[in-house]
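Structure, as structure tokens:
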Amino acid sequence: MDKFWLIRLKEKLFSVDISQPMMRFFGIVMAVNYPLYWVAWNPTLSYQGAELDIAMRLLATVLCLGLVFSKFFFRPETKVLSIYWLGTVIYCLPFFFSFMTLVNHASAVWLMNLISAVFFVFLLFDAGVALAVLISGSVFAYLIYFLLYPSFVVELGEITLFDFFMTLLATVVIGSLFSYKKGIIVHEKLTSLRGLAATVAHEMRTPLAVINLEAGWLRSKLQQPELTKEDINAVNDCPNRLMATTNNALVVIDMLLANLKVTPPGEGSLLLIQTILRQSFETYPLSAQESDKINIADFSDFEFYGDPDLIRHVFYNLIKNALYFIKAARKGEIYVWVTQTKKYNIIHFKDTAKGVPSEELPYLFNRFYSKRKYGTGLGLAFCRRVMLDLGGKITCKSVMNEYTEFMLYFPIVKS
């Protein structure tokens, strides 16, 4: 668990997809903020520590300008850009304001500034990353301060109405300009739309191409003055081939629509698993060669509560993924069997194709996570959501180049 938490934190730290739109905006606002507030508070250079104040504000302004013009210096979505973004935020917010609070003997106005900086960091990042940024920046500030200054004196003094409103203005204006959660929502919507568009385009391209080829072939045959017996049989079978192609496309569309369907937890009909499993394999457009690769062991039927359409599409997703990897690996079969524990009936869905790398297993059920060229990362996330809604769960184990096995846990229905 600790390892997965560290992996997720590292992923968030180096992910710029969500926060990248805010980088340039942050750079513009803060590049104006540092010189503007220096002029507002310190119209002259006749105060102690003026040179240090100017130097630190100048460095912060330069770093923020680097964000404004980052597209000229960094490639988008790279770790270098992520490191620069995080480093700039650490310096400009927790480090700068912690250090200046210490230099100014924890005066009231700098304490207010420090609180504003903390508030700002939590608007930019989620809680885990924000805490990491605040701790690293603050600790670094304290270390630098105590290396430069032998002692620390607290002089809170009195805060003026002008100081109060200037700090309040900065907090309100900057806080209203940024919203991390809003960025997440917009990012996920755009990612979802891109994923669905890519899937529809990819899945529809193949059946449309097949229909086009069949139409061209049929036209060429009908223009011939005489047809052989084989040609006549092929022409008669053409409608069947076209219907199979369109049925395949319709199943894909149904799967996409099922991914968007929401069923409140705890609601559903009392269903029999053998009925759902049989319907899933009968209605999925399998070729004869694909059907030969499916092995379902005999097992005792069991009841569960759920939405029949959603459960069928859980199996559709698993069938589709398994067949994809069997085709890619040019080997493998599908095996389905059932086991039971005190709390669950467990359906095991196993393919012996290429397996899943161990480093990918923690993210397999995450939304939008996919290693396939046209994958959306919605299929397994949908399966997980459906299983959780009916009170169960879905897990996966795999050995590279040997097998991938999904376990679907259905709560035992008490009579």
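Following this note's numbering, the numbering of the sequence shown begins with 273 at its first residue and continues without gaps.
Every residue, glycine too, gets a C-beta built ideally from N, C-alpha and C.
In the DSSP assignment, Tyr356 forms no beta bridge with any residue. Annotated three-state conformation of Met372 is helix, per DSSP. Around the beta carbon of Phe621, 16 or more other beta carbons lie within 10 angstroms, which makes this residue buried. A residue is called buried once 16 or more other Cβ atoms fall within 10 Å of its Cβ, and Ala653 is buried on that count. Partner residues in the beta bridge of Lys669, as assigned by DSSP, are Glu677.
Selection Cys336, Phe682, Phe345 and Lys599 evaluated against Glu575 yields Phe682 as nearest (Cα-Cα). For Ala521, the closest of Asp570, Val507 and Lys592 by C-alpha to C-alpha distance is Lys592. Between Phe392 and Met328 a beta carbon distance of about 17 Å is seen, past the 8 Å cut, so the two are scored as non-contacting. For Asp623, the secondary structure class from DSSP, reduced to helix, strand or coil, is strand.
Put simply, of Gly663, Thr667, Leu542 and Thr613 the residue whose alpha carbon is nearest the alpha carbon of Tyr635 is Thr667.
The beta carbon of Trp609 sits closer than 7 Å to the beta carbons of Ala569, Phe571 and His620 from its chain, once the five residues preceding and following it are set aside; these are given in chain order. Taken through DSSP and simplified to helix, strand or coil, Val610 comes out as strand. Tyr363 and Arg656 have their C-alpha atoms some 41 Å from each other.
The three-state reading of DSSP puts Pro580 in helix, counting H, G and I together.
With 16 or more other CB atoms across the displayed protein chains lying within 10 angstroms of its CB, Gly604 is buried. At the C-beta level, Val340 and Ala303 come within 8 Å of one another.
Residue pairing by DSSP places Ile326 opposite no residue, since no beta bridge is assigned to it. Between Phe587 and the set Ala332, Val390, Tyr577 and Phe553, the nearest pair of CA atoms involves Phe553. Taking the CA atoms as reference points, Lys351 sits about 32 Å from Ala601. Of the candidates Gln496, Asp623 and Ile483, Ile483 places its Cα closest to the Cα of Asn512.
Here Tyr556 carries a coil assignment [DSSP, helix/strand/coil]. Residue environment analysis places Asp573 among the exposed positions, since fewer than 16 neighbouring C-beta atoms fall within 10 angstroms of its C-beta. In this structure, Gln546 sits away from Arg584, with a CB-CB distance that is not shorter than 8 Å. For Glu631, the closest C-alpha among the options Ser492, Ile618, Lys669 and Leu420 is that of Lys669. For Leu395, the secondary structure class from DSSP, reduced to helix, strand or coil, is helix. By the neighbour-count definition (other C-beta atoms within 10 Å, threshold 16), Leu386 is a buried residue. For Glu575, the beta-bridge partners assigned by DSSP are Leu544. Annotation for Leu514: Ile483 and Glu486 place their beta carbon closer than 7 Å to its own, counting only its chain and skipping 5 residues before and after. The three-state secondary structure of Ile684, taken from DSSP, is coil. Counted as a single uninterrupted DSSP element, the stretch harbouring Asp570 is not any alpha helix (DSSP H), since DSSP gives it neither H nor E. Listed as beta-bridge partners of Ile504 by DSSP are no residues whatsoever.
Rounded to the nearest whole angstrom, the CA to CA distance from Gln496 to Cys510 is 16 Å.
Within a 10 Å sphere around the beta-carbon of Ile606 sit 16 or more other beta-carbons, which makes this residue buried. Excluding five sequence positions before and after Ala625, the CB atoms of its chain that fall closer than 6 Å to its own CB belong to Phe597, Ile598, Ala601 and Gly604, given in chain order.
Thr518 and Pro479 have their C-alpha atoms roughly 7 Å apart. Between the C-alpha atoms of Ser492 and Ala481 there is a straight-line separation of about 17 Å.
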